[in-house]
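K.L.:
Those protein sequences? They're chains A and B, same order as listed.
Using the numbering used here, the letters of the first sequence map in sequence onto residues 119 to 545.
Using the numbering used here, the letters of the second sequence map in sequence onto residues 640 to 1069.
Each residue gets a CB set at the ideal place from its N, CA and C atoms; glycine is no exception.
Pasting in a structure now, in structure tokens, and then I'll have a few things to ask.
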Amino acid sequence: MTQESPPVPLEHGDGPLTGYRVLDLADEKGQLCARLLAELGADVIKIEPPREGDPTRANGPFFKGEQGPNTSLYWWAMNAGKRSITLQLRLEAGREILRKLIASADIIVETRAPGESAALGLDYASVSAANPAAILVSITNFGQTGPYANWAATDIVASAMGGHMHLNGDDEHGPVRTTAPQAFAQVNAQAATGAMVALYARAVNAGVGQHVDVSMQEAMANAMDHAQQTWDIRHVNTYGPGVGRQTAGVRSGRYLFETADGWITALAVGGLIGLRADAAIDWLAESGEARDLALPAWRKRLTAMEPLASEERAYVEETLSLFCKPRKKEALVAEAQNRGLGWAPVFSPGEIVESRQLADREYWVRVAHDDIGESFIYPGAPYRLSETPWRQRGRAPHIGEHNEQVYSGLLGIDAAELRRLKLKMVV
Amino acid sequence: MAQQARKKPFEGLRVADFAWVGVGPTVSKYLADHGAEVIRIESSTYPEALRRVGPFVNDTPNIDGSGYYANFNSSKLCMSVNFKHPRGPELVRRLVAKCDVVTESYTPGTMARFGFDYESLSAGRDDLLMVSMPLYGQTGPWANYMGYGHVLQAASGFNHLTGWEDGPPIGTGIAYTDFLVPHFAAVAVIAALDYRRRTGKGQFIDFSQLEAGVHGLGTAILDWTANGHEQIRLGNHDMEAAPHNAYRCRDGRWVAVACATEKHWEGLKAALGRPEWCDMDRMRRRWQRLNEQKEIDRHLGYWFEDYTRAETEEEFQTEEGVEGPPVRKFTTKQVVELFQSFGVPCGIVQSAEEMHADPQLAHRHHYWKLEHPYMGLRTYDAPAFRLSETPGELTKAAPMLGEDNEYVYKDLIGVSDDEFVELMASGVME
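Set out below in structure tokens:
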């Protein structure tokens, strides 16, 4: 595979964004954003500091647990399909080259703290001076201005201050965050949406660029379900429900039941309560495990779409728990769905990779890592566009892998000049 | 500097929005809040699920009273039409003929049953953009599985990765994927709109909520496929950073603290006044601290317990009455400010009430107050981004069911006044 592997990134000539160029100067808050654009066809150039490369190359976990510049699975996941160049923005000579790159770019994604971007030529004034049509996407913890603009944050802090974490957890342990960082995932996806809106706006406004100011806290505020409206309307604070259902008095939510080989979730409304409760009760009754739920009074109670008293809920939960415990989760879910009940299995990452649904849809892509002579399964298309397809574009780049391609091909810098820039540690 | 008036990004685009619940309506909300004319297509005979889920004004269920529904549907219009009425499908098709985009999130096959599949709707034109957004996509053994984000978060890995290591996979407390995957779908839809703008060509987007959700799992998939390692829920710990947890203060509130870099850790040590435990050799490096998380949590847990006080003055007095040397005590807010002044990532786990009063969100005008004819002045979320030239604008509160029938039937579908009255009597608008 080493010899015949095509160079990365793979060509993508028929994406909806083919022909656009994106500069990626982002940390965890913006690398996925830029990757999404690459997979829709944009030429995404990752700009890294010379020599040591981007700091996120040191983010674990690492391939086989061995840390190195090209073994970070974080780097692999977030930067696949991009080109990489090195450029020292702390030197004026570096910023001069940056301005030329900006002049050729449509979208620039950066994640510096508000006060720090100007010194690197990444503030909107500098960017728009270099290219008035450029769209600068600035992704920060709390936004460009405001009382918390310079506060430090990581994923868990944004999850906390964005209100989302308050909705997770249980009474015993308190609030909990999702171990796979969701503030980062959220702000990346929402920033990509903002970038797209600005790109479209440019075309209908005679080519005017603009500054897209994205807040990670606000991205998490948008992941509060109906908690904000529940406060606004009912003055009730929603909080983590543990394994049970939502606690804000809203008649929705889900149960979690243990099975012989893991866990399943079941919708309360549309599953155990409400119009479909009869289907659930019939199922239990057919195997003689409905206990009292098959009695007319219980049927009436469960199909009434009224919230259950806590002892009623406990009885329903106990009955379902006993039913699920000896059975296997995928068979349970298949039969539940067969009866019109909205159940789903709790899948681990490995189980997701093995899932029938994703295999049937040929979701996974195998990505060649020609540098180590292996290939690995990556997540596939998050959306399938019939005319302008999503494409995975190969492995993530090495540090400065595309220096010559970009500096000579794009900016016309000759080999001698590039050598000189390297000696001066500009690239 | 004089600025010329900008056109809203999606001004002039019209969207037929068949989508329901969270995912689809969030995608069309982005379009509506940035200038598109989005028409929700609903029926009282089969109401949009969220119109029947609270929170309700006055705690009284009402088809026009759900805050849950409202927040997803700012800036939109609404027509009511019964697909099962003999005239229904034809009228809907006439409306779609006047639209640029169709959004929907029904179980696969539902749209086709009424002749609203992409092939039928795009007959005779090649500029229609349509996106279908069910849980599991248009094909495959699970295509017809039903559910909401409450259970999809389980199938897409979020339950497995949320909870305490020795406890059940509790997942988030919400219909989580409903609040993650629409942002992915919006990227695809707007990119396809840009392609359409340049080429005049529409297309069909098969969007599976599961397939987008998997992209929100960070490194978990690759850790499995490349290393054979199953990542697992770690409570509030992190695979990479220590300290990393939420600690309880005297007033019952929780504060999240994370040291992802040595700089953060040095800042925390300084903020704490360099107690002995944190200067020990085995605390020096991040990878060392990852092995000492229990010990770190114990010390920080005590610190938060000892050095915070209840927020009210009255309780503070009681604290001061305690014998012993005077100890400087902080309110929860002061702790956060202290840590932040040393550059330590740190913040209160905020409730909805606190979010409502958050000065940063107020500064960014995150929450919009919009007047609704039935619900009154209510809170709506804005996008997480501010565009300097063409900012999003929530132009109106969510529509009442069928609020815009007259405009949609007469001006867009093109029925006469007489016919409108007849149609109303026929029941097709129910």
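1. Thinking just about the alpha-carbon of each residue, which of TRP269(A), ALA252(A), TYR373(A), LEU191(A) is nearest to the one in PHE260(A)?
2. Identify, in the order they occur along the chain, each residue of the same chain with its Cβ nearer than 6 Å to the Cβ of ALA271(A), setting aside the five sequence neighbours on each side.
3. If you draw a straight line from the C-alpha of ALA345(A) to the C-alpha of GLU1058(B), how long is it?
4. Let me know the secondary structure DSSP gives MET423(A) once reduced to three states.
5. Taking the straight line between their C-alpha atoms, what separation do you get for ARG363(A) and LYS715(B)?
6. Could you give the distance in angstroms between the alpha-carbon of HIS130(A) and the alpha-carbon of GLU157(A)?
7. Please list the terminal residues of the continuous alpha helix (DSSP H) segment that includes GLU436(A).
8. Could you give the DSSP three-state label for ILE203(A): helix, strand or coil?
9. Run through DSSP, which three-state label would CYS151(A) get?
10. Using DSSP's beta-bridge definition, name the partner residues of LEU768(B).
11. Determine contact between the stretch 790-810 of chain B and the stretch 845-857 of chain B, defined as no fewer than three beta-carbon pairs at a distance below 8 Å.
12. With a 10 Å radius around its C-beta and 16 neighbouring C-beta atoms as the bar for buried, classify LYS164(A) as buried or exposed.
13. Would you list the one or two residues that DSSP bridges to ASP161(A)?
14. Mind checking whether the beta-carbon of ARG923(B) lies closer than 6 Å to any heavy atom of the ligand FAD?
15. For GLN999(B) and chain A, any beta-carbon pair shorter than 7 Å?
16. Does any residue of chain A have a CB that is nearer than 7 Å to the CB of GLU879(B)?
17. Going by DSSP in three states, SER1055(B) sits in which element: helix, strand or coil?
18. Closest Cβ-Cβ distance between LEU856(B) and chain A: below 7 Å?
19. 7 Å is my cut-off, CB to CB: does LEU503(A) come that close to chain B?
20. Would the stretch 132-146 of chain A count as touching the stretch 223-243 of chain A if we require 3 or more Cβ pairs under 8 Å?
21. Can you tell me whether LEU219(A) is buried or exposed? The criterion is at least 16 other CB atoms within 10 Å of its CB, across all chains shown.
22. Contact criterion: CB-CB distance below 7 Å. Does GLY1015(B) meet it with respect to chain C?
23. Compare the C-beta of HIS130(A) with all C-beta atoms of chain B and state if any pair is closer than 7 Å.
24. Rounded to the nearest angstrom, what separates GLY406(A) and GLY763(B) at their Cα positions?
25. LYS218(A) versus chain B: which residues are under 8 Å apart at the beta carbon?
26. Below 8 Å on the Cβ atoms is my contact criterion, and I expect ASP1043(B) with MET718(B) to pass it. Report the Cβ-Cβ distance as a whole number of Å.
27. If PHE302(A) and GLU492(A) are in contact, beta carbons under 8 Å, what's the gap, nearest whole angstrom?
28. Run down chain A in chain order and give the residues with a C-beta less than 9 Å from the C-beta of PRO1038(B).
29. What residues are listed by DSSP as bridge partners for LYS1008(B)?
30. Quickly, what does DSSP pair GLU676(B) with across the bridge? List them, please.
31. Output, in chain order, the set of chain B residues within a Cβ distance shorter than 7 Å of ASN340(A).
32. Please work out which residues of its chain come closer than 7 Å, Cβ to Cβ, to LEU929(B), disregarding the five sequence neighbours upstream and downstream, and give them in chain order.
33. What residue does the beta strand (DSSP E) around ILE495(A) start on, and which one ends it?
34. Rounded to whole angstroms, what's the CA-CA distance from LEU402(A) to ALA499(A)? Just pull it up for me.
35. Under the rule that 16 or more other beta-carbon atoms within 10 Å means buried, what is LEU689(B), buried or exposed?
36. Less than 7 Å between CB atoms is the rule here; does TYR775(B) satisfy it with respect to chain A?
P.N.:
Taking the geometry as given:
1. TRP269(A)
2. ASN259
3. 43 Å
4. coil
5. Only weak support is given to the placement of ARG363(A): the predicted model assigns it a pLDDT of 48, under 50, and the value that follows is read from those uncertain coordinates. Answer to the nearest angstrom: the Cα atoms are 31 Å apart.
6. 8 Å
7. 428-442
8. strand
9. helix
10. VAL740(B), GLN842(B)
11. yes
12. buried
13. ARG139(A)
14. Only the bare structure without any ligand can be found here, which leaves the ligand FAD out of the picture.
15. yes
16. yes
17. coil
18. yes
19. yes
20. yes
21. buried
22. Judged by its chain identifiers, the structure shown contains no chain C, and its protein chains are A and B.
23. no
24. 56 Å
25. Near LYS218(A) there are no residues of chain B at all, since even the closest Cβ is about 24 Å away, more than 8 Å.
26. 6 Å
27. Wrong, their Cβ atoms sit about 27 Å apart, outside the cutoff.
28. Simply none; closest approach about 16 Å.
29. THR1018(B), per the DSSP bridge assignment.
30. ARG653(B)
31. PHE818, ASP1020, ALA1023
32. Excluding the 5 residues flanking it on each side, LEU929(B) has same chain C-beta neighbours closer than 7 Å at ALA881, in chain order.
33. First-last of the beta strand (DSSP E) with ILE495(A): 492-496.
34. 39 Å
35. buried
36. yes
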